[in-house]
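Residue numbers (my numbering): 4 to 265.
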């Protein structure tokens, strides 16, 4: 008898939680305060049921009562959201997506961030069977203009900042493929902006090519680059779509949403 009662109470609790979530989801659809009548219609809840749950949510500050009979999302949600955001780490957000991309391509997948005039590799998924020597371990650095991820960050800079970078670094090259001319670099960055991803055609290391896509946070800021490195003769253009999609999914975890079209 106790087990049966416990099961019934559990089902009731789950039902209440589901109704709370449906009301919060409904409120999230509206920029302005919403009437009880409209919330009832949107969720399919009886007005008295919706009113009772909303009152509980108001007490806990998950919902604000804007005026008599109308409601909006409460500040408690913002507080909790900020806590989640402060604990989110781009590496943590990216890790499983990187592994998934590595399983698809069987090539090295890198996660890099910008520090000054260089990128720093902060994580990597790779297989010893890839046939490519992994030269730059986690914590390794490379110049912005010689790497696919670095070009992403430079493409986000304004022309004045790019020229200042060129002056500071002298656009030093590593080999015959390195871009060491400002005009060529500016042309390359225009291509990056147009494509939405960047390439490194053996500019850092002979025999290694890379493609990179940007990862953005909830404010739209470019915070990291996701790249695939492969032996020059193995890099496939078909991977671009998977790479861009994966970077987009990581950005979504960080709270980024694409700007509305038009």
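All C-beta atoms, glycine included, are put in the ideal place defined by N, C-alpha and C.
Remember, it's a predicted structure, so these values are computed and weren't measured experimentally.
According to DSSP, which residues form a beta bridge with residue i?
{"i": "residue 228", "result": "115 and 217"}
{"i": "residue 122", "result": "117 and 145"}
{"i": "residue 38", "result": "73"}
{"i": "residue 201", "result": "215"}
{"i": "residue 233", "result": "212"}
Using three-state DSSP, classify residue i as helix, strand or coil.
{"i": "residue 168", "result": "helix"}
{"i": "residue 180", "result": "coil"}
{"i": "residue 92", "result": "coil"}
{"i": "residue 151", "result": "helix"}
{"i": "residue 248", "result": "helix"}
{"i": "residue 19", "result": "helix"}
{"i": "residue 193", "result": "helix"}
{"i": "residue 67", "result": "strand"}
{"i": "residue 128", "result": "strand"}
{"i": "residue 83", "result": "helix"}
{"i": "residue 174", "result": "coil"}
{"i": "residue 49", "result": "coil"}
{"i": "residue 54", "result": "helix"}
{"i": "residue 206", "result": "coil"}
{"i": "residue 241", "result": "coil"}
{"i": "residue 257", "result": "coil"}
{"i": "residue 222", "result": "coil"}
{"i": "residue 32", "result": "coil"}
{"i": "residue 160", "result": "coil"}
{"i": "residue 14", "result": "helix"}
{"i": "residue 105", "result": "helix"}
Would you tell me roughly how many angstroms separate the C-alpha atoms of residue i and residue j, rounded to the nearest one?
{"i": "residue 58", "j": "residue 32", "result": "19 Å"}
{"i": "residue 159", "j": "residue 86", "result": "28 Å"}
{"i": "residue 103", "j": "residue 227", "result": "18 Å"}
{"i": "residue 211", "j": "residue 260", "result": "32 Å"}
{"i": "residue 128", "j": "residue 109", "result": "9 Å"}
{"i": "residue 144", "j": "residue 169", "result": "18 Å"}
{"i": "residue 26", "j": "residue 81", "result": "17 Å"}
{"i": "residue 56", "j": "residue 16", "result": "12 Å"}
{"i": "residue 53", "j": "residue 73", "result": "12 Å"}
{"i": "residue 116", "j": "residue 146", "result": "12 Å"}
{"i": "residue 14", "j": "residue 83", "result": "27 Å"}
{"i": "residue 61", "j": "residue 215", "result": "46 Å"}
{"i": "residue 248", "j": "residue 201", "result": "14 Å"}
{"i": "residue 230", "j": "residue 208", "result": "15 Å"}
{"i": "residue 186", "j": "residue 112", "result": "30 Å"}
{"i": "residue 36", "j": "residue 69", "result": "6 Å"}
{"i": "residue 241", "j": "residue 22", "result": "44 Å"}
{"i": "residue 152", "j": "residue 24", "result": "40 Å"}
{"i": "residue 192", "j": "residue 157", "result": "7 Å"}
{"i": "residue 166", "j": "residue 222", "result": "26 Å"}
{"i": "residue 142", "j": "residue 97", "result": "17 Å"}
{"i": "residue 173", "j": "residue 224", "result": "27 Å"}
{"i": "residue 150", "j": "residue 67", "result": "49 Å"}
{"i": "residue 64", "j": "residue 92", "result": "27 Å"}
{"i": "residue 195", "j": "residue 161", "result": "14 Å"}
What is the C-beta distance between residue i and residue j, in whole angstroms, given that I count them as a contact (C-beta under 8 Å)?
{"i": "residue 76", "j": "residue 30", "result": "5 Å"}
{"i": "residue 148", "j": "residue 188", "result": "6 Å"}
{"i": "residue 94", "j": "residue 122", "result": "With 8 Å as the limit, residue 94 and residue 122 do not qualify as a contact, their Cβ atoms being about 14 Å apart."}
{"i": "residue 205", "j": "residue 235", "result": "6 Å"}
{"i": "residue 50", "j": "residue 43", "result": "5 Å"}
{"i": "residue 218", "j": "residue 197", "result": "With a Cβ gap of about 19 Å, residue 218 and residue 197 do not count as contacting."}
{"i": "residue 220", "j": "residue 246", "result": "That belief does not hold up - the Cβ atoms of residue 220 and residue 246 are roughly 19 Å apart, past 8 Å."}
{"i": "residue 190", "j": "residue 120", "result": "Rounded, the Cβ-Cβ distance is 20 Å, inconsistent with contact."}
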